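Asks: Residue numbers for the sequence shown, in the UniProt record's numbering: 1 to 170.
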Amino acid sequence: MEMSDVKLARVTRKDVDELLHANRESREYHGCWVQPFTTAAGFEEWYSAQIIGASVGLVARDRESGHIVGVTHLSQIFYKGFQNAYLSYWGMVSFAGTGRMSQAVELTTMYAFEELGLHRIEANIQPENVRSIALVKRLGFQKEGFSPKYLQIAGVWCDHERWALLADER
């Protein structure tokens with residue numbers, strides 16, 4: 001899937017070295033919001049969930065340079081009466097402020113609704129992560145609630161806001 005500045009594809013093992021480099025380079029930028037893998041073992045653990053689990057990992061690349069803009073991830077994909085997935089994403093510092101992660105997340109929502117046939121996508125975001133909240137708002141996500149101590153990040157239980165987008169409301 002492609003937009004004007006970004007192309008999106010499912011992660012492959014061939015992406016490992018570039019992903020590790022980009023994640024390490026962006027570690028400070030990711031801060032307390034997300035702790036992506038920075039080792040080959042961490043990549044393998046994350047990647048294996050794409051193969052045996054109900055998850056889809058996608059790599060967003062800049063169309064011009066081919067460099068990694070960021071990663072999006074649909075996890076805990078449910079079908080039948082729920083048709084839901086949890087969305088997570090992280091951008092790389094070298095593309096911060098360029099709007100490319102907005103395009104990557106938008107492409108991911110299109111993929112989720114059109115290719116996977118989902119009805120709903122939920123993104124859980126720490127209230128202090130104003131840039132991420134602004135991103136989902138731009139894409140039409142609606143705030144559904146607040147979950148205290150919802151996810152553990154770097155050993156700390158963090159509060160999160162629940163944001164969701166429905167297929168028929170985008």
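For every residue, glycine included, the Cβ atom is placed at its ideal position computed from N, Cα and C. The structure displayed is predicted, hence computed values, not measured ones.
1. Going by other Cβ atoms of all chains shown within 10 Å of its Cβ, with 16 needed for buried, is phenylalanine 82 buried or exposed?
2. By the three-class DSSP mapping on this structure, what secondary structure does glutamine 142 have?
3. DSSP three-state call for threonine 72: helix, strand or coil?
4. Excluding the five sequence neighbours on either side, which residues of its own chain have a C-beta within less than 8 angstroms of the C-beta of tryptophan 157, listed in chain order?
5. Return helix, strand or coil for asparagine 129, following the three-state DSSP convention.
6. Given this structure, state the Cα-to-Cα distance separating glycine 70 from arginine 131, to the nearest angstrom.
7. For phenylalanine 78, name the three-state secondary structure that DSSP assigns.
8. Between which two residues does the alpha helix (DSSP H) containing residue 171 stretch?
9. Please report the straight-line C-alpha distance between arginine 138 and glutamate 18, rounded to a whole angstrom.
10. Which ranges would you report for the beta strand (DSSP E) in the segment 1-30 if only whole runs of at least 3 residues count?
11. Consult DSSP for valine 56 and reduce its assignment to one of helix, strand or coil.
12. Buried or exposed for glutamate 106, please, with buried defined as at least 16 other CB atoms from any protein chain shown within 10 angstroms of its CB.
13. For glutamate 169, which residues in the same chain have their Cβ closer than 8 angstroms to its Cβ, ignoring the five residues on either side in sequence?
14. Is serine 65 helix, strand or coil when you go by DSSP?
Replies: The answer reads as follows:
1. Classification for phenylalanine 82: exposed.
2. In the structure shown, glutamine 142 sits in a strand (DSSP, three-state: E or B).
3. If DSSP states are grouped into helix, strand and coil, threonine 72 belongs with the strands.
4. Excluding positions up to five away in sequence, the list reads Lys149, Tyr150 and Leu151.
5. In the structure shown, asparagine 129 sits in coil (DSSP, three-state: anything other than H, G, I, E or B).
6. The C-alpha of arginine 131 is placed about 15 angstroms away from the C-alpha of glycine 70.
7. Correct three-state label for phenylalanine 78: strand.
8. The structure shown does not extend to residue 171, since the chain spans only 1 to 170, so no value can be given for it.
9. If I take the Cα positions, the gap works out to 29 angstroms.
10. Listed in chain order, they are 6-10.
11. Note: valine 56 maps to strand in three-state DSSP.
12. Here glutamate 106 is buried: its Cβ has 16 or more other Cβ atoms, across all protein chains shown, within 10 Å.
13. Same-chain partners within the cutoff: Gly140 and Gln142.
14. The answer is coil: DSSP assigns serine 65 none of H, G, I, E or B.
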